[in-house]
Amino acid sequence: MSWPIATIGIIIFTVYGSYRGFQSPSFQRRYTFSTGRVLQGKEYYRLISSGFLHANWLHLMLNMLALNGFARMIELAFGPHVFLLIYLGSIAGGNLLSLYLYRHREYQSLGASGGVSGVIFATIFLFPGGKISPFFGLLAMPTWLYGILFLLLSFFALRRQLGNIGHSAHLGGAIVGLLITTALYPSIVMHSPVLYVLVMGISIALLVYLYRYPLYRPPPPIFSWAYWRAWWAERQRRRAAEQERQDQETMNRLLDKISRSGMESLTASEKRALKAISKRMRESGRMH
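Residue numbering for the sequence shown follows my numbering, starting at 15 and increasing by one per position.
Okay, here's the thing in structure tokens:
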């Protein structure tokens, strides 16, 4: 019996990276996808590294369950190199679409959803005629129907900015995954010509729409009042974000000290700092 070594390796590495991120916010920030860090800082590794981080255990578990279900099929049938090319290429592709859509503002994301979406779309065309259950066995549907609904729902959610979810990574990852699969195996077009033309036609139409009607437009001219109003709002947002970051680091340090040596170990200034930070967090709604 063959083992999908690459799939298992990716899952182990992703669990490890995500766990490190759970334990160390600085580690997570260093490898999370960030439009500012990529465009201004030239930290292109974030296009891939963010796929090995997750927001929480549930986020990680759902992505890895889906990845395991589809990736092993591709790896065992076509080899680990094909799976890795599709998976990593789809992670990068999903983040590249996010980079374009949010190029005029700071946007951050993490998770393997782009890669998982690419693998699922590759599976739809490499194994035509199958069924897929997006709700863990509760509702099975033909893979072709799932592919079309996935594109349309991802686009709708992206336009409406529904939830704290990287819908652009889903959409971009799915499209790039299909393009890579087509480059590797052009015969998939002839195996499912109607479905392929339909999916690619929908994909192109959605991308053209996003190009014509971007999510965020460029900033106004520098001599306009709107420019300076936006500049001041962004300055305030950045200051608040920096204050939040510093507060969180100080809070973590003080709580670690308390857990090790007790509340009595804090100096008077540290107690005042802890009280002030707690008050700011309550006022901003960051403490629940």
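We put the beta carbon where it would ideally sit given N, CA and C, even for glycine.
Because the structure is a prediction, the values reported are computed rather than measured.
Which of helix, strand or coil DSSP assigns to residue i
i      : result
Gln257 : helix
Lys271 : helix
Leu198 : helix
Tyr33  : helix
Lys293 : helix
Glu57  : coil
Pro207 : helix
Pro39  : helix
Leu185 : helix
Gly276 : coil
Ser16  : coil
Arg252 : helix
Thr281 : coil
Tyr225 : helix
Tyr101 : helix
Tyr114 : helix
Thr21  : helix
Cβ-Cβ separation, residue j to residue i (assumed contact under 8 angstroms), whole Å
i      : j      : result
Gly144 : Gly191 : Not really, about 16 angstroms apart at Cβ, beyond 8 angstroms.
Leu61  : Ala106 : 5 angstroms
Ile88  : Leu140 : 6 angstroms
Ala126 : Asn70  : With a Cβ gap of about 13 angstroms, Ala126 and Asn70 do not count as contacting.
Tyr45  : Ser64  : 6 angstroms
Asp261 : Arg294 : 6 angstroms
Pro18  : Ala91  : That belief does not hold up - the Cβ atoms of Pro18 and Ala91 are roughly 10 angstroms apart, past 8 angstroms.
Ile25  : Asn82  : 6 angstroms
Sheet register partners of residue i (DSSP bridge)
i      : result
Lys145 : Pro156
Ser48  : Gln122
Any non-hydrogen atom of the ligand MG within 7 angstroms of residue i CB
i      : result
Leu102 : No copy of the ligand MG appears in this structure; indeed no ligand is present at all.
| task | Tell me the start and end of each unbroken alpha helix (DSSP H) in the region 65–94 that is at least 4 residues and wholly inside, in chain order. | result | The alpha helix (DSSP H) runs of length 4 or more contained entirely in the region 65–94 are, from start to end of the chain, 71–92.
| Counting Cβ pairs closer than 8 angstroms, one from the region 180–199 and one from the region 92–112, do we hit at least three? | yes
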